[in-house]
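See below for the structure under consideration.
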Amino acid sequence: MPAILSISEAVAQVKGGSTVMIGGFMTCGTPTGLVAELARRGVHGLTVIANDTGVQGNGIGMLISAGAVTQLIASHIGTNPETGQRMIDGRLQVELVPQGTLVERIRCGGAGLGGFLTPTGVGTVVAEGKQAIVVDGRTYLLETPLRADVALIKAWKADRKGNLLYRRSARNFNPVMAMAADLVIAEVEEIVEVGELDPDQVMTPGIFVDILVRSVSRHD
Amino acid sequence: MTEEQKRMIIAHRIAQELSHGDVVNLGIGLPTLVASFLPPGLDITFQSENGFVGLGPDPAPGEEDPDLVNAGGKPVTIMPGGAFFDSALSFAIIRGGHVDVTVLGALEVDAQGNLASWMIPGKMVPGMGGAMDLVVGAKKVIVATSHTTKDGQPKLLKQCRLPLTAAGEVDMVVTELGVFSISGGSMVLHEKHPAWTVEKIRALTEAPLEVASGLKDMVLPVGV
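As structure tokens, this is what we get:
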């Protein structure tokens, strides 16, 4: 069973210099409580793997503003000008990855796969330094798995076993990241008793989740 | 022509390309406007790459749900019969050829079907987001773009100069001046703005331009 901790107790387990996956898409489905606490604690040298860096001062933007991130792997940073500025200043190293490649690399990391072949990026700068493999006459790039020390994810409901339900488009990267980190911390809006969630409806099995925290925001 | 008129002409024309039953992904900005011009009764399922099919219109003021946004992070709605999924499934849909049509903007597009839409080195590096996967995976790729830059420079080029989004994947280009296909290193003009001559369009096009034998006038939206 996962531990049910306060946000500050949970985030205390994230050490400076670690690699952290953070769920969400443009702050939708981002574990905002965990991210805000991480920014507040003054942790440094993080490598963050996330779709984007939200907007300035919100979502993962809070970590960027706090100077907590030295490396970023993301598909899009255009909605947060501060990320671009720090990249240009040399304070933040950014690897831009096509969104479908990013999520599949994370899935591979969680699924025990050594990588995958994708046609995305062939003939572009994304192909530079990557092995090209031809299968049945079509060229693919070999993309390698991504894993993290910690995944910070956001779900709607959990039971005490850590089984998770997501709501609407807030699901996005969260279920995939839940499989790909050594320590998985899920921020949830509600925690119910074991047996209250229909096993047919569970989206992330609780075996992936190490720590549950209660979110301050809530949808009923 | 005002910028708004250009946008309406392009979006209106692209809406005529969609067929009953299509699964369609519209990019942020001008491509999103295509949904406003759908012929009545046409059954189109819009895919949103952040994780659902059945993308609906904007919510009424006060009805926004922070858990339901489009690929630009803006509040949207979902239609009855829609479905949510995670990002891995979303891009399996996209790369796996389950999207019939994708419509997206361009910084440059060329006569080889190459598209550049995601960065200007030293100036603007927003990232590619889902665009590279969409252009490679969708069955039909339609580029929606103004014919020239704000400075009047051609955007339909012999060869893209900016870093590519994808190589050789563009099927059709729609601008306020015409409808073009890509064929053997040329752009082929199939329809033109009724008030423009082929020669005037050619003068604003860097790509080698051929004229289709059945050249027609574009149908413009009402009021433009």
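Protein sequences, first through last, are from chains D and R. So for the first sequence, our numbering puts the first residue at 11; every next one is plus one. So for the second sequence, our numbering puts the first residue at 1322; every next one is plus one. Even glycine gets a Cβ: it sits at the ideal position worked out from N, Cα and C.
Can you find a C-beta in chain R that's less than 9 Å from the C-beta of residue i?
i: D:T154; result: no
i: D:I70; result: no
i: D:E114; result: yes
i: D:N182; result: yes
i: D:V144; result: no
i: D:R101; result: no
i: D:V74; result: The sequence given here has Ile at residue 74 of chain D, not Val. No, D:I74 does not count as interfacial toward chain R.
i: D:I32; result: no
i: D:G110; result: yes
i: D:G39; result: yes
i: D:G94; result: yes
i: D:G88; result: yes
i: D:V186; result: yes
i: D:F35; result: yes
i: D:L175; result: no
i: D:M213; result: yes
DSSP state of residue i, grouped into three classes?
i: R:T1433; result: With the sequence shown as reference, residue 1433 of chain R is identified as Gln, and Thr is not the correct amino acid for it. R:Q1433: coil per DSSP, three-state reduction.
i: D:F183; result: coil
i: D:L106; result: strand
i: D:D99; result: helix
i: D:S85; result: coil
i: R:M1329; result: helix
i: D:V21; result: helix
i: R:L1483; result: coil
i: R:P1475; result: strand
i: D:P91; result: helix
i: R:V1543; result: coil
i: D:G216; result: helix
i: R:P1352; result: helix
i: R:L1510; result: strand
Give a yes or no on whether the minimum CB-CB distance between residue i and chain D is below 9 Å.
i: R:G1372; result: yes
i: R:I1399; result: yes
i: R:D1538; result: no
i: R:I1415; result: yes
i: R:F1406; result: yes
i: R:T1486; result: yes
i: R:P1387; result: yes
i: R:A1392; result: yes
i: R:P1447; result: yes
i: R:G1350; result: no
i: R:V1355; result: no
i: R:N1346; result: no
i: R:V1464; result: no
i: R:V1457; result: yes
i: R:S1411; result: yes
Identify, in the order they occur along the chain, each residue of the same chain with its Cβ nearer than 8 Å to the Cβ of residue i, setting aside the five sequence neighbours on each side.
i: R:E1531; result: S1504, S1507, M1508, V1509, L1510
i: D:V65; result: M36, T37, G71, T89, N90
i: R:V1420; result: V1344, V1345, N1346, Q1368, I1414, L1455, G1458, A1459, K1460
i: R:I1441; result: L1428, L1483
i: R:E1324; result: S1467
i: D:A114; result: The identity of residue 114 of chain D in the sequence shown is Glu, whereas the question assumes Ala. Result list for D:E114: F126, T128, E153, in chain order.
i: D:P41; result: I32, G33, G34, L162, I163, K164, I195, A196, E197, S225
Leaving out five residues on either side along the sequence, give the residues of the same chain with a beta carbon under 7 Å from the beta carbon of residue i.
i: D:P215; result: N173
i: R:W1517; result: L1498
i: R:L1485; result: N1435, L1436, A1437
i: D:I74; result: T63, N90, E92, T93, R96
i: D:V24; result: V30, L48, V53, V160
i: R:G1342; result: D1364
i: D:F202; result: Reading off the sequence shown, one finds Val at residue 202 of chain D, where the question assumed Phe. Cβ neighbours of D:V202 beyond the five flanking positions: K167, D169.
Report all residues from its chain with a CB closer than 6 Å to the CB of residue i; omit the five preceding and five following residues, and keep chain order.
i: D:A60; result: I32, I70, A84
i: D:T149; result: V132, A142
i: R:V1464; result: A1427, V1430, V1491, V1494
i: D:G55; result: G26, G27, T80
Please report the Cβ distance between residue i and residue j, rounded to the nearest whole angstrom; I am assuming they are in contact, meaning their Cβ atoms lie under 8 Å.
i: D:I143; j: D:L127; result: 6 Å
i: D:S179; j: R:F1358; result: Between R:F1358 and D:S179 the Cβ distance is about 25 Å, and since that is not below 8 Å, they are no contact.
i: R:P1352; j: R:V1424; result: 4 Å
i: D:R170; j: R:D1388; result: That belief does not hold up - the Cβ atoms of D:R170 and R:D1388 are roughly 23 Å apart, past 8 Å.
i: R:E1418; j: R:I1399; result: Correcting the residue identity first, residue 1418 of chain R is Gly in this sequence and not Glu. Not really, about 23 Å apart at Cβ, beyond 8 Å.
i: R:K1386; j: R:P1396; result: This sequence places Asp at residue 1386 of chain R; Lys is not what is there. The pair is a contact, with the Cβ atoms about 7 Å apart (cut-off 8 Å).
i: D:R157; j: D:G124; result: Going by Cβ atoms, the distance from D:R157 to D:G124 rounds to 12 Å, so no, they are not a contact pair.
Using a C-beta to C-beta distance shorter than 7 Å, which residues of chain A count as neighbours of residue i?
i: D:G131; result: Among the chains of the structure shown, chain A does not appear; the protein chains present are D and R.
The ligand FMN and residue i: does the residue's C-beta get closer than 8 Å to at least one heavy atom of that ligand?
i: R:A1413; result: This structure lacks the ligand FMN, and indeed carries no ligand of any kind.
> Can you list, in chain order, the stretches of the beta strand (DSSP E) that have 3 or more residues and sit fully within the segment 111-183 of chain D?
Replying inline: The beta strand (DSSP E) runs of length 3 or more contained entirely in the segment 111-183 of chain D are, from start to end of the chain, 126-128, 142-145, 148-153, 158-169.
> For the segment 42-83 of chain D, which segments carrying the beta strand (DSSP E) assignment without a break, of at least 3 residues, lie completely within its bounds, in sequence order?
Replying inline: Listed in chain order, they are 56-59.
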